[in-house]
Structures are given as structure tokens and as C-alpha cells.
Amino acid sequence: MKTFNKQEGLLSLLDEDFNKGHTRFHRWHIDAPLYARDPAWFTTLRCFKRPMEPELTIHRDDGSGQTMQTEPGLTAFISNVQAYDLMSEEERKIADHSWVEYAPHPYQWMGDCKSKSHGLGLVNRSKEKTTEQLSPYDKKDVKRYPMVWVNPTTRVDEEPRVVEDVAEIREWLAKIQEQVLKPEYVMLPKVVEGDIVMWTNYQMFHTAVDYPSHYGARTMHQANIGASSGPIGPVPIPVSS
Numbered sequence: 081m082k083t084f085n086k087q088e089g090l091l092s093l094l095d096e097d098f099n100k101g102h103t104r105f106h107r108w109h110i111d112a113p114l115y116a117r118d119p120a121w122f123t124t125l126r127c128f129k130r131p132m133e134p135e136l137t138i139h140r141d142d143g144s145g146q147t148m149q150t151e152p153g154l155t156a157f158i159s160n161v162q163a164y165d166l167m168s169e170e171e172r173k174i175a176d177h178s179w180v181e182y183a184p185h186p187y188q189w190m191g192d193c194k195s196k197s198h199g200l201g202l203v204n205r206s207k208e209k210t211t212e213q214l215s216p217y218d219k220k221d222v223k224r225y226p227m228v229w230v231n232p233t234t235r236v237d238e239e240p241r242v243v244e245d246v247a248e249i250r251e252w253l254a255k256i257q258e259q260v261l262k263p264e265y266v267m268l269p270k271v272v273e274g275d276i277v278m279w280t281n282y283q284m285f286h287t288a289v290d291y292p293s294h295y296g297a298r299t300m301h302q303a304n305i306g307a308s309s310g311p312i313g314p315v316p317i318p319v320s321s
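Residue numbers (the working numbering): 81 to 321.
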């Protein structure tokens, strides 16, 4: 059983169901500050301890009816390269020629926002903070990155269209990213004590999978391999005026 929270616009997972092993993806992300420093190139995760059972059922709870079975304490991965391959030619053209300017202190900026039930993207509720509500920041530390991160292969001169409506951007991205958020594309590598998982941070989204505390402790050691340069795309980002 689940309840619908009208104020949040989200399906709430009941504690009773959660304690029985019904869960969700936590929050899909890459390891990136998105302010002042560039994202790490690689991430490593070493398993010290995790519960091995009982099994969990991951629910998307977005109307798709899709579920997955998994052991507790694992990290889920989806490939952004695969997401790109699933895009239409028109979507790729738009993405290849797009860039993103992040808010200063972006995690503060989105701190009051809620994730979608499947953990990929945020619900549009106009809860983002204004720049006046953020901690002091330096404009030179605000990050602008291409939407597609690759080695540059093309050069074009086009008049850019600036989209400042966050809801419009999220709606466009959701149609693309959610294509790869399906059981057949989600990887949940099984790890035991002493195992290390290493991945290219620029190419993969990952997320923890919540489980009830009575299953046991999960202890992981994470390390990032820092970047000496930031992401680049197929088309240069216009210089700010």
C-alpha cells in the first residue's frame, strides 16, 4: 500500500511496506560539486560490510509498474552513454549543441526540492532558492558545462536559445533519461567484503538503494580520482559576456 501526498505530488512509501523490503532507488547522480571544482574522473567504492539478505523489491512507483529484485546494500548504475544511444537524431542534435550553467552552490539551491519516486530528476514545485538566499559565492566559480561530455569533434556557429525555465529543461531531460531507467538497463553489481567497484564518473549515474535498518549495517569506503580539467563537449560553449 502506498499513499499519495497531494501537497508534494508524490507517492509516499509507507513504513510498513518499507520494513517488509519494498524500496526505491535513492537518488541518481554523479560525484560532482558542480561549483568551484570539476567532477572527479573516476570513483572507487570498497565494500567493508553489508547485509546479504533478505531480498528487496525496488519499485519505480511512477505508473510504469516496473520492479527489480536485489540484495540489500548494493549500488545501482545506469549508463549515460547508453542513454545517448537511445536518443533520437533530433534529441542528439539538441543535446550536442546545448550547455548548462549551474546555480551557485547548486545543492543549497535545490535543497528544498523533492526527487521523483524513481530517484531520477526533481519534481517541479518552484522550491529552488533564489541567489540571494544562497551562501556568498564567487561568479568565477559558477560552472558551465556542455550537456554532452565528449572529446570535441565538430564546430558550428549557431545562435543559441537560452532556456531559463527549469521545469521545461527537466521535462525535456526526463523523456530522454527515463528511457534507460528500466530493469534491463540497470546494473546492480554484487559485492562482498573486500570487493572494489570502480567506474568512470562522467559516463555513469549511480544511486544507493534504501533498505530497513534492521537488515544490518552497510559500510563502504569511497574515493574519487580528481580531475585536472573539466568536461568538454562536441560544440564549444559560448563565452559569457
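Each residue gets a CB set at the ideal place from its N, CA and C atoms; glycine is no exception.
Under 7 Å between the Cβ atoms of residue i and residue j?
i: Glu208; j: Trp189; result: yes
i: Trp121; j: Ile305; result: yes
i: Ser197; j: Asp245; result: no
i: Phe105; j: Thr287; result: yes
i: Leu114; j: Pro186; result: yes
i: Ala156; j: Asn204; result: no
Within a Cβ cutoff of 6 Å, which residues of the same chain sit near residue i, ignoring the five residues on either side of it in sequence?
i: Asp111; result: Ala120, Thr123, Asn281 and Asn304
i: Asp118; result: Ala307 and Gly310
i: Trp108; result: Gly199, Leu200, Phe285 and Thr287
i: Val319; result: none
i: Glu212; result: none
i: Gln87; result: Because Gln87 carries a pLDDT of 35, less than 50, the predicted location of this residue cannot be relied on, and no value is offered for it.
i: Pro152; result: Pro131, Leu136, Tyr291 and Tyr295
With a threshold of 8 Å on Cβ separation, who are the neighbours of residue i within its own chain once the five nearest residues in sequence on each side are excluded?
i: Thr103; result: Leu93, Leu136, Thr137, Ile138, His139, Val289, Asp290 and Tyr291
i: Lys220; result: none
i: Val329; result: Residue 329 falls outside the range modelled here, since the chain spans only 81 to 321, and no answer is possible.
i: Leu202; result: Met190, Cys193, Lys194, Ser195, Lys196 and Arg250
i: Leu214; result: Ala183, Pro184, His185, Gln188 and Trp189
i: Pro263; result: Gln146, Thr147 and Met148
i: Val266; result: Met148, Ala156, Phe157 and Ile158
i: Thr210; result: none
i: Tyr164; result: Arg172, Ala175 and Val228
I think residue i touches residue j, with their Cβ atoms under 8 Å apart; what is that distance to the nearest whole Å?
i: Ile71; j: Val260; result: The requested residue 71 does not occur in the structure, where the chain is confined to residues 81 to 321.
i: Leu200; j: Gln146; result: Contact doesn't hold; Cβ gap of about 12 Å is too wide.
i: Leu253; j: Thr150; result: Actually they do not touch by this definition, with Cβ atoms about 26 Å apart.
i: Leu154; j: Lys270; result: 7 Å
i: Asn160; j: Gln283; result: 6 Å
Enumerate in chain order the residues of its own chain whose CB-to-CB distance from residue i is below 7 Å, with the five nearest sequence positions on each side excluded.
i: Glu96; result: none
i: Thr234; result: With a pLDDT of 45 at Thr234, under the threshold of 50, the modelled position of that residue is not reliable, and the figure given next carries that caveat. Closer than 7 Å at Cβ, skipping near neighbours: Pro314 and Val315.
i: Glu273; result: Cys127, Phe128 and Lys129
i: Ala116; result: Asp221
i: Gly101; result: Pro134, Glu135, Leu136 and Thr137
i: Glu169; result: none
Quick one: any contact between the stretch 291-298 and the stretch 122-133, if contact means 3 or more CB pairs under 8 Å? yes
Contact between the stretch 175-187 and the stretch 216-229 (3+ Cβ pairs under 8 Å): yes
Is the stretch 308-318 touching the stretch 164-180, taking contact as three or more C-beta pairs under 8 Å? Touching, per the Cβ criterion.
Going along the chain, which unbroken runs of the alpha helix (DSSP H) with 4 or more residues stay wholly within the stretch 86-165? 95-99 and 160-165
Restricting to runs no shorter than 3 residues, where is the beta strand (DSSP E) found entirely within the stretch 186-253? 224-226
Unbroken beta strand (DSSP E) runs of length 3 or more, entirely within the stretch 252-297: which are they? You should have 276-280 and 284-288.
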